[in-house]
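Asks:
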Amino acid sequence: MIVCKFKVLKGFYEAFEISGHALYAKKGKDIVCAAVSTVSQHTARALSEDGAQLEIEEGYLKVEKIPKDNISQRFVEELRKTLEDIASQYPRYVRVEVNDDAH
1 MIVCKFKVLK GFYEAFEISG HALYAKKGKD IVCAAVSTVS QHTARALSED GAQLEIEEGY
61 LKVEKIPKDN ISQRFVEELR KTLEDIASQY PRYVRVEVND DAH
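Numbering (our numbering), first residue to last: 1 to 103.
#1: Quick one: what's got a C-beta closer than 8 Å to Ile66's C-beta in the same chain, skipping five residues either side?
#2: Taking the alpha carbon of Asp69 as the reference point, which residue from Val36, Asp50 and Arg80 has its own alpha carbon closest?
#3: With a threshold of 16 other CB atoms inside 10 Å of the CB of Tyr60, please say whether the residue is buried or exposed.
#4: Which runs of the alpha helix (DSSP H) spanning at least 4 residues fall entirely within the region 49-96, listed in chain order?
#5: If I follow the unbroken beta strand (DSSP E) through Leu9, where does it start and stop?
#6: Please state if the CB of Val3 and the CB of Asp100 are separated by a distance shorter than 9 Å.
#7: Can you have a look at Thr38 and say buried or exposed, based on whether 16 or more other CB atoms are within 10 angstroms of its CB?
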């Protein structure tokens with residue numbers, strides 16, 4: 001299963017982490033993994049150009065220090081929504097968690 005975790009602090013996305021494998025199909029034919037990888041890597045690349053820190057390994061992506069500007073925050077919001085859409089279609093393979101610490 002792919003687990004997507006988003007950390008929100010005082011209304012701003014601070015970080016997100018995506019880990020695991022969907023195991024929907026064999027490697028190279030896994031449309032769930034391909035969808036999650038494509039949208040998450042696109043977002044990570046855009047955020048890194050604005051100073052976010054990336055950690056990337058096989059089956060793992062972590063983005064921290066997400067800028068608080070509107071564009072960066074919107075990128076992450078749209079990523080979350082897209083991953084939630086994928087999770088709703090493939091609930092056995094993708095889970096999205098949001099840790100919202102409003103304090």
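The beta-carbon is built from N, C-alpha and C at its ideal position, and this holds for glycine as well.
Replies: According to the data block:
#1: Around Ile66: Phe12, Tyr13, Glu14, Ala15, Phe16, Leu47, Ala52, Ser72, Gln73 and Val76.
#2: Selected option, being the one with the closest Cα: Asp50.
#3: It is exposed - the Cβ of Tyr60 has fewer than 16 other Cβ atoms within 10 Å.
#4: Inside the region 49-96, DSSP marks whole alpha helix (DSSP H) runs of 4 or more residues at positions 70-89, from first to last along the chain.
#5: Where Leu9 is concerned, the enclosing beta strand (DSSP E) starts and stops at Ile2 to Leu9.
#6: Inclusion of Asp100 and Val3 in the CB contact set at 9 Å is not warranted, their separation being larger than that value.
#7: With fewer than 16 other CB atoms across the displayed protein chains lying within 10 angstroms of its CB, Thr38 is exposed.
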